[in-house]
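Before any comments, here is the structure.
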Amino acid sequence: MAEQSQGARALFFDESLVEEVAAVNGFAVESVEPLCEIDGDAIVMRHGKSGARLLFLHNADENKAFSISFKTPPVDDTGVFHILEHSVLCGSDKFPVKEPFVNLLKTSMQTFLNALTFPDKTMYPVASTNDQDLENLADVYMDAVLHPAIYRKRAVFEQEGWHYELDDANAEAGTPERLRYNGVVFNEMKGALSDPESVLYRGMNTELFPDTCYAFESGGHPRAIPQLTYESYLDTHARHYRLDNSYIVLYGDIDAERMLRFLDRRYLSADDCAPRTPAEPNPMGECKPSVSLDAVVPMATAPENACVGLGYTIGDARDFERVLAADVLMDALMGGNESPIKRAVLDAGIGGDATAFLMDSQAMPVALFELKGAKPGAKQRFMEIVEGEAARLVADGIPRDLLEASLAQLSFELRERDRGMADGVVLAMNALSGWLYDDALATTYLRYEDALAHMREGLDGRYYEDVLESLIVKSNHKALLEVKPVEAEDDSEEERELAEKLAGLDEAAKQAIRDDVAELRAMQEAPDSPEALATLPRLGTSDIGTAKPDPAAVLDAACPLPCLRHELPSRHINYLYLYFDANAVAFDDVPYVTVLCMLLNKLDTANHSAAELDVFMRQHLGSMRFFPDTYVSASDPDKVSLRVTLSASALAEEAAQLSAIPREVWETTKFDAKQKILDVLVQRRIGMEQTFANEGHTSATNRLSASYFRAGVLRQKLAGVDFYLFLKDLIDNYDERFDALAAKLEEVRATVFGGPALASFTGSAEECDAFWAAAGDMGLVRDERAAAGEAFGAGCGCELAIPKPAPRNEAFIVPCDVSYSAKGAPTLDVVEHSGLWSVIANALSFDYLWNEVRVKGGAYGVGFRRGEEGFARFYSYRDPGVDGTLARFDAAADWLAAFEPDEAEMEGYIVATVAAHDAPAKPRAIARREDGAFLCGRAADWREKLRDEKLAATPAAIRSCAPVLRKVADRGNVCVFGNEDIIRAAKQPLEVTKLF
1 MAEQSQGARA LFFDESLVEE VAAVNGFAVE SVEPLCEIDG DAIVMRHGKS GARLLFLHNA
61 DENKAFSISF KTPPVDDTGV FHILEHSVLC GSDKFPVKEP FVNLLKTSMQ TFLNALTFPD
121 KTMYPVASTN DQDLENLADV YMDAVLHPAI YRKRAVFEQE GWHYELDDAN AEAGTPERLR
181 YNGVVFNEMK GALSDPESVL YRGMNTELFP DTCYAFESGG HPRAIPQLTY ESYLDTHARH
241 YRLDNSYIVL YGDIDAERML RFLDRRYLSA DDCAPRTPAE PNPMGECKPS VSLDAVVPMA
301 TAPENACVGL GYTIGDARDF ERVLAADVLM DALMGGNESP IKRAVLDAGI GGDATAFLMD
361 SQAMPVALFE LKGAKPGAKQ RFMEIVEGEA ARLVADGIPR DLLEASLAQL SFELRERDRG
421 MADGVVLAMN ALSGWLYDDA LATTYLRYED ALAHMREGLD GRYYEDVLES LIVKSNHKAL
481 LEVKPVEAED DSEEERELAE KLAGLDEAAK QAIRDDVAEL RAMQEAPDSP EALATLPRLG
541 TSDIGTAKPD PAAVLDAACP LPCLRHELPS RHINYLYLYF DANAVAFDDV PYVTVLCMLL
601 NKLDTANHSA AELDVFMRQH LGSMRFFPDT YVSASDPDKV SLRVTLSASA LAEEAAQLSA
661 IPREVWETTK FDAKQKILDV LVQRRIGMEQ TFANEGHTSA TNRLSASYFR AGVLRQKLAG
721 VDFYLFLKDL IDNYDERFDA LAAKLEEVRA TVFGGPALAS FTGSAEECDA FWAAAGDMGL
781 VRDERAAAGE AFGAGCGCEL AIPKPAPRNE AFIVPCDVSY SAKGAPTLDV VEHSGLWSVI
841 ANALSFDYLW NEVRVKGGAY GVGFRRGEEG FARFYSYRDP GVDGTLARFD AAADWLAAFE
901 PDEAEMEGYI VATVAAHDAP AKPRAIARRE DGAFLCGRAA DWREKLRDEK LAATPAAIRS
961 CAPVLRKVAD RGNVCVFGNE DIIRAAKQPL EVTKLF
């Protein structure tokens, strides 16, 4: 892939002015440098009085960001820093409300708001396009971390960390007295450590770095969390949440003088900063070379979840170029099924899939190779293959086309800056990858151009062979670890421990537990006083401003294919989408559409072997994939269209390959590689199983949709439980079904790619014209209905025959320790859809549901959504139960019927909802949004209409929608994914299926 030129540039603003502004506000400037990677400047400062470090990344981005982070290395598995991350956002001296974090989610213009616990640091980032809002967010966060309410409210520790709960015996139900743990972080980590990969990563760091903070689970292990005392928790906060242990990052088009003055006057020079204590923060520990090859971690999980990890330390995090070089090597050697080491592992048949990636947010980054679906006895063989292939490549030389392709991919991704969240937040994370360990490295992980240039020069010598040799072949610091599935015991260690504890309690001790829980419930249920709420900074609707409309997509019927043209600034990166009408496919063949999309670009074509194709694609394209998608008519939810989408991107100078490579793939892919096809099928099965166990709320709501909507039925056949069962059966009977599979794939390919096609192109007008001049019609049939502006419907004139939905109450057992519950119903017959529902979802999710299901119930996440098709649904995430959550869902109608916020609170709901509507989006996301609107037949002003409806929301209008929630409560269906014991204990009429 051709490279973009990166010329030197001048400073974004005057250096002497920066130093003057900094000095007035108590800061000393340590360096000011242009940073071409962000089209701006990097200014490193230190605050004189407090010792706080500050990095200002100044550019023209209107999506501004602030973050404060602390070095927080754990010394045990109690998860104290994770619990503190939650706790400090539960009220502070200046903002004495129960949940200022949630209030900000409900009422601010934030484009990012969260807190994050890493293995050795804790980060509090926010972002907003509004200057005053960013200052408000920073104000709440600074007071939260420095002056939290935890010192006077022990209940916060119990709520967010852990506490005992005592369930009384129920003779009628036949249930005995029971002692149990509850707490938001406790339940979150039960879910997180139900994932074998999470267990593998934790175990790998423990084996590699036994004498460091990385040997411990920073999130907390459920077996250790109850060992944390309130006193230790407070001491840990006092020792670590200090300004001289802090790292502040500002990003974007920020008024430097205003923000520095705010930070200095309010916090950094204030007399009431967090108290310093004589004790020092926890040590990081010393990373000593070691070799550990015998580690086995038993885990009660399904046999399919067996996995093996092989980790090699890359070196010190200070060597950013070596980390990047290791990233290139991992991609070149393990990035695709035809990459040399991965192909050797797959051919050996020792597991279902193999991946490799960097664990790089730590002082000693690690290159981790993982074998998924590991077969018995695969552990040693996996290491032999990885190290044997690495030695062969060092001796024979790594093919340069492989390295060139991976280096081109890395360059493209770094420059595209499409990271799925606000740029300023990602850049702050990146900066800390070096800065946390050495004050001189504040910008090291932001400067990649020089490293890339040197790495390109390394293609001419043995640069990469030398890195690979030292990394793997001659490594003196590595670990081999197996996560071994075992049968779950009837009584877990936790249950036995609690039973013993209960047996030793007298009645007074039991009553003390009941009293503690009652006190906690009283705190949770007590409303914030008007005086406390008045302390929170708020914006009004007048602060929102007018929306900045995106340039409208233009339907150009004169192109070789009808084309939606998106003229958006995209840094000379072009995005192509081709939408192929697939409605002529028989419904029973719909799963083969997904299989077809999975296989395209992973097999031989007429011109390239699979290995050659993989390299060729990555040399010339930024990305390319095929996937099926469904589109529902904006005017009739019963009208559903199936399309296969090609998504591809490339630098503008690669216009010819942006069309030629995808065409070669869809026209000439060969479906005769029996084993390679099976590899892909098994990899997809493993991925789906991980999704069911780790993101069960998404799986549950999607499954629930199939009870009511034809689109939901279709999506289940394409990517849900129905497809998973089809896939399992196909794999189990692969030998006898392969010939029929190959024939069916040819048939479906002819149907899909022989049907009408619509294009979408993002880039400048000149780039679009250049693309079509190179592409022609690509041998495709024009979607003439789309060309005529008849957006919705099957361009081929066919309508996919989708069976009628059948309502069900279902539960799917998957190997995890928590549950994910969803309940929903179709409700267009009650109230039509409008932008008002976004405001309702905001209020329900961050007020009623947050307090009832998360705070009181202990679930890690909860929410409500209603789509334009009228599907209203509730969901919970990493939830310790089912019945209580569903009861709280049902009671939401009463809460909404009584909804009566004051004027300021109501304005806050509107501000947050409209701000989310107006949040900046990347060019690719804008194009997809507008394409979807066209394909669903939405009116040209659909977004403006929704925005106006959000702005017009009133409490009375919201209360009038309570009947929708009553219908969900009275007639809605339920779907649950999760732990078998939790599901079996639920008093719900559920059809129970054990998925795997």
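The sequence shown begins at 1 in full-length UniProt numbering and counts up by one.
Using N, Cα and C, we set each Cβ at its ideal position, and we do this for glycine too.
Proximity of residue i and residue j at Cβ, strictly below 9 Å
i       : j       : result
Thr-993 : Ala-811 : yes
Pro-826 : Tyr-708 : yes
Val-140 : Ser-92  : yes
Gly-191 : Cys-816 : yes
Ile-731 : Leu-681 : yes
Tyr-575 : Ser-649 : yes
Val-80  : Tyr-233 : yes
Ala-391 : Phe-382 : no
Glu-217 : Met-189 : yes
Ala-634 : Trp-942 : yes
Val-644 : Pro-399 : no
Leu-446 : Glu-37  : yes
Arg-873 : Ile-840 : no
Thr-630 : Leu-718 : yes
Met-429 : Met-906 : no
Val-425 : Ala-127 : yes
Val-345 : Gly-351 : yes
Phe-95  : Asp-39  : no
Glu-51  : Phe-27  : The displayed chain sequence assigns Gly, not Glu, to residue 51. Not closer than 9 Å, so no.
Residues bridged to residue i [DSSP beta-bridge criterion]
i            : result
Cys-975      : Glu-810, Ala-822
Asn-103      : The partner list for Asn-103 (beta bridge, DSSP) is empty, contrary to what the question assumes.
His-163      : Asn-182
Leu-55       : Val-44, Val-249
Glu-991      : Glu-810
Val-632      : Val-640
Tyr-267      : Paired residue(s): none; Tyr-267 is not in a bridge.
Thr-212      : Gly-285
Met-624      : Ala-648
residue 1048 : Residue 1048 is absent from the model: the chain starts at 1 and stops at 996.
Arg-782      : Ala-757
Val-682      : Answer is none; Val-682 lacks a bridge partner.
The alpha helix (DSSP H) enclosing residue i, as first and last residue numbers
i       : result
Tyr-230 : 230 to 240
Ser-87  : 80 to 87
Glu-907 : 903 to 918
Leu-333 : 320 to 334
Phe-889 : 883 to 890
Arg-866 : It is not in any alpha helix (DSSP H) - Arg-866 instead sits in the beta strand (DSSP E) that spans 861 to 866.
Val-75  : Element bounds for Val-75: n/a, residue is neither H nor E.
Ala-344 : 340 to 348
Phe-369 : Unbroken run through Phe-369 is the beta strand (DSSP E), 366 to 372; no alpha helix (DSSP H).
Ile-982 : 980 to 985
Met-383 : 378 to 396
N-terminal and C-terminal residue of the beta strand (DSSP E) that residue i is part of
i       : result
Val-748 : Looking at the DSSP string, Val-748 is not in any beta strand (DSSP E); the run it does join, the alpha helix (DSSP H), is 734 to 753.
Ser-705 : Careful: Ser-705 lies outside any beta strand (DSSP E), inside the alpha helix (DSSP H) at 696 to 705.
Ser-838 : Unbroken run through Ser-838 is the alpha helix (DSSP H), 836 to 843; no beta strand (DSSP E).
Asp-353 : 353 to 359
Ser-876 : 871 to 877
contact_flag[the stretch 969 to 981, the stretch 880 to 895] where n(CB pairs < 8 Å) is 3 or more: yes
The stretch 321 to 332 contacting the stretch 452 to 467, beta-carbon criterion three pairs below 8 Å: yes
Minimum length 4: unbroken alpha helix (DSSP H) runs contained in the stretch 408 to 463: 423 to 435, 449 to 457
Alpha helix (DSSP H) runs contained entirely in the stretch 553 to 609, provided each spans 4 or more residues: 590 to 599
Cβ contact (3+ pairs, closer than 8 Å) linking the stretch 737 to 751 and the stretch 830 to 837: no
Entirely enclosed beta strand (DSSP E) segments - the stretch 284 to 315, minimum 3 residues: 291 to 300, 307 to 313
Uninterrupted beta strand (DSSP E) stretches inside the stretch 487 to 541 (no shorter than 3 residues): none
Inter-stretch contact (C-beta, 8 Å, three-pair minimum) for the stretch 550 to 568 and the stretch 757 to 775: yes
Given 8 Å, three or more beta-carbon pairs between the stretch 300 to 319 and the stretch 485 to 498: yes
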